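Line by line, the protein sequences are chains U and S. This note's numbering puts the first residue of the first sequence at -5, with every later residue one more than the last. This note's numbering puts the first residue of the second sequence at -5, with every later residue one more than the last. First the structure, in the form of structure tokens, and then the observations on it.
2 protein chains.
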Amino acid sequence: MNDKSKKVPDVVIKRLPRYYRYLGELLNQDIKRISSNALSEKMNVTASQIRQDFNYFGGFGQQGYGYNVEYLYGEIGDILGLNDGDTMVIIGAGNLGKALASHGTFERRGFKLVGIFDNSPDVIGTVINGREVMDVKGLEDFITRNRVDIGVITVPRAAVEETVEKLVKSGVKGLLNFSYAELKLGHDVAVENVHLSDPLMTLSYKIKQSKE
Amino acid sequence: MNDKSKKVPDVVIKRLPRYYRYLGELLNQDIKRISSNALSEKMNVTASQIRQDFNYFGGFGQQGYGYNVEYLYGEIGDILGLNDGDTMVIIGAGNLGKALASHGTFERRGFKLVGIFDNSPDVIGTVINGREVMDVKGLEDFITRNRVDIGVITVPRAAVEETVEKLVKSGVKGLLNFSYAELKLGHDVAVENVHLSDPLMTLSYKIKQSKE
Chain U
-5 MNDKSKKVPD VVIKRLPRYY RYLGELLNQD IKRISSNALS EKMNVTASQI RQDFNYFGGF
55 GQQGYGYNVE YLYGEIGDIL GLNDGDTMVI IGAGNLGKAL ASHGTFERRG FKLVGIFDNS
115 PDVIGTVING REVMDVKGLE DFITRNRVDI GVITVPRAAV EETVEKLVKS GVKGLLNFSY
175 AELKLGHDVA VENVHLSDPL MTLSYKIKQS KE
Chain S
-5 MNDKSKKVPD VVIKRLPRYY RYLGELLNQD IKRISSNALS EKMNVTASQI RQDFNYFGGF
55 GQQGYGYNVE YLYGEIGDIL GLNDGDTMVI IGAGNLGKAL ASHGTFERRG FKLVGIFDNS
115 PDVIGTVING REVMDVKGLE DFITRNRVDI GVITVPRAAV EETVEKLVKS GVKGLLNFSY
175 AELKLGHDVA VENVHLSDPL MTLSYKIKQS KE
């Protein structure tokens, strides 16, 4: 359905998870249809932007009476690959690793956590959310044997390089990077860098604006 | 310096923290100047987009030989309000709250953590990163007395509404919301909603694309 001749801009891709989340909420409220205006208002994006966004993926056949919520939710989920059952491991069982391991939303979105790794003897063998933390020494073997799709990196900065090398070598397809380092890899490994201080800086900007 | 007649689009605002981070790295490497092309390549944004972005704030006087890194870093920091010394409290001392309380980058960006709150007797009084967790019953009084700017919300979904109400009533200027709920408030309280599963969904999209 994705027209490969049109490269989808990053800003559009970044909006897909928001559409998906919002449509999921509508589904929970048993809402079957939504007009592009109502969707626009909720998403804080113009109705014409929404149509443009959806046109990258074939348009989702909006009619006069709006979008079919369940259909749209399913299509966007497919586009996002949420029905592919991607598996993931978390490397680094500190507070952030623990928080992510216990983050129910990941599972609800279709991702399967299959392992948590750390290098500290004090942490290896402890149990997080019903799962025993494994020794990072076994990481490559584990990934290869289980064909793990995604590595979630929450290790300290000094350990990032080695961790990334191991993950890439053993064949993960994507990295979700919470370390401070901004990773850029070759085309065969996708990367999303998450910087927790970015939204705080954006908030600071908004606060400053509201004061002026 | 901000030309108030032009409303700065959200996508531009969202790029400011990225510019700031990247310029900070250049500074650490003692790099004094950068061409708009080099900046463009690193940021994955076209050079003309960068000029457009900067024009919202007066342009930063790029000359033939590029941008002055230190000047640009300082200006963007000012625009982001990072020199205002904003104070913040974290509500919810679970794994995510602990991770954020120990997240050195917040402090490096100029934000001051002044308190951590929880409602659980098991957690109140424990020490996180040198700071004693306080009873959430004292939250409003604490915020009012200390004129706290920002509330960081990491409480479970069921506690969000009450927490937000307390924060707003006691006069915080901004909320950084990590709970699943998508908050929208009036004009006097700025909000940034952070959804940790969004980057994972974006990553999933990229993985799916690379397979096709």
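Note that CB positions come from ideal geometry on N, CA and C, so glycine has one too. In this text the structure is predicted, and so the values were computed from the model without any measurement.
Chain S contact for residue i (CB, 8 Å cutoff)
i: U:Gly165; result: no
i: U:Tyr50; result: no
i: U:Ser(-1); result: Note that U:Ser(-1) scores 49 on pLDDT, short of 50, meaning its location in the model is unreliable; the coordinates nonetheless yield the value given after this. Chain S, which has no Cβ nearer than 8 Å to the Cβ of U:Ser(-1), makes this no.
i: U:Phe54; result: no
i: U:Gly168; result: yes
i: U:Ser96; result: yes
i: U:Ile73; result: yes
i: U:Leu107; result: no
Per-residue contacts from residue i into chain U (C-beta, under 7 Å)
i: S:Arg15; result: His189
i: S:Pro115; result: Here the premise fails: no neighbours, minimum Cβ distance about 21 Å.
Assigned exposure category for residue i - 16 Cβ within 10 Å defines buried
i: S:Ser204; result: exposed
i: U:Asp4; result: exposed
i: S:Asn171; result: buried
i: S:Gly119; result: exposed
i: U:Lys163; result: exposed
i: U:Met(-5); result: With a pLDDT of 44 at U:Met(-5), under the threshold of 50, the modelled position of that residue is not reliable, and the figure given next carries that caveat. Exposed, since its Cβ has fewer than 16 Cβ neighbours within 10 Å.
i: U:Thr157; result: buried
i: S:Asn187; result: buried
i: U:Glu101; result: exposed
i: S:Val121; result: exposed
i: U:Arg151; result: exposed
i: U:Leu69; result: A quick correction: the sequence has Glu, not Leu, at residue 69 of chain U. It counts as buried.
i: U:Pro11; result: buried
i: U:Pro115; result: exposed
i: S:Gly132; result: exposed
i: S:Tyr59; result: exposed
i: U:Thr196; result: buried
i: U:Ser173; result: buried
i: U:Gly71; result: buried
i: U:Ile28; result: buried
Min CB distance residue i to chain U below 8 Å
i: S:Ala87; result: no
i: S:Val5; result: yes
i: S:Met(-5); result: Low confidence applies here, because S:Met(-5) scores a pLDDT of 45, under 50, leaving its location unreliable and the question unanswered by this model.
i: S:Phe100; result: yes
i: S:Tyr67; result: no
i: S:Ala209; result: Any answer about residue 209 of chain S is impossible in this case: the structure gives chain S only from -5 up to 206.
i: S:Met37; result: no
i: S:Leu90; result: yes
i: S:Pro150; result: no
i: S:Leu20; result: no
i: S:Leu76; result: yes
Partner residues on chain S for residue i, Cβ-Cβ distance less than 8 Å
i: U:Asp80; result: Ser198, Ile201
i: U:Ile28; result: Going along chain S, no residue has its Cβ under 8 Å from U:Ile28, so there is no contact; the nearest lies around 15 Å.
i: U:Pro143; result: In the sequence under discussion, the amino acid at residue 143 of chain U is Asp, which differs from the Pro named in the question. Ile201, listed in chain order.
Residue i: contacting residues in chain U (beta-carbon distance under 9 Å)
i: S:Ser204; result: Lys167, Gly168, His181, Asp182, Val183, Ala184
Supposed contact pair residue j and residue i - C-beta distance, whole angstroms, cut 8 Å
i: S:Met67; j: S:Tyr14; result: Reading off the sequence, residue 67 of chain S comes out as Tyr, not Met. Yes, S:Tyr67 and S:Tyr14 are in contact; Cβ-Cβ is about 7 Å, under 8 Å.
i: S:Leu90; j: S:Val63; result: So it is not a contact: roughly 34 Å between Cβ atoms.
i: U:Val185; j: U:Leu169; result: 5 Å
i: S:Ile137; j: S:Val183; result: At roughly 12 Å, the Cβ-Cβ gap does not stay under 8 Å, so S:Ile137 and S:Val183 are not in contact.
i: U:Ser191; j: S:Arg103; result: 5 Å
i: S:Lys202; j: U:Gly180; result: The Cβ separation is near 17 Å, so there is no contact.
i: U:Ser30; j: U:Arg9; result: Their Cβ separation, rounded to whole angstroms, is 14 Å, which puts U:Ser30 and U:Arg9 out of contact at 8 Å.
i: U:Ile7; j: S:Tyr199; result: 6 Å
i: U:Ala87; j: U:Val117; result: 5 Å
i: S:Leu194; j: U:Phe48; result: About 22 Å; that fails the 8 Å criterion.
i: U:Phe51; j: U:Ile73; result: 6 Å
Within chain U, the residues that residue i reaches when beta carbons sit closer than 8 Å
i: S:Lys8; result: Asp192, Thr196
Chain-ordered chain S contacts of residue i [CB-CB under 7 Å]
i: U:Tyr59; result: Here the premise fails: no neighbours, minimum Cβ distance about 25 Å.
Listed by chain order, chain S residues near residue i by CB distance under 9 Å
i: U:Arg103; result: Ser191, Leu194, Met195, Ser198
Min CB distance residue i to chain A below 8 Å
i: S:Thr99; result: Going by chain labels, chain A is absent from the structure shown, which instead holds the protein chains U and S.
Practice task
Determine contact between the region 75 to 82 of chain S and the region 142 to 156 of chain S, defined as no fewer than three beta-carbon pairs at a distance below 8 Å.
Solution key: Here the region 75 to 82 of chain S lies against the region 142 to 156 of chain S, with 3 or more beta-carbon pairs under 8 Å apart.
Practice task
Report yes or no: do the region 122 to 142 of chain U and the region 94 to 107 of chain U share at least 3 C-beta pairs separated by less than 8 Å?
Solution key: The region 122 to 142 of chain U, when compared against the region 94 to 107 of chain U, does touch it at the 8 Å Cβ threshold.
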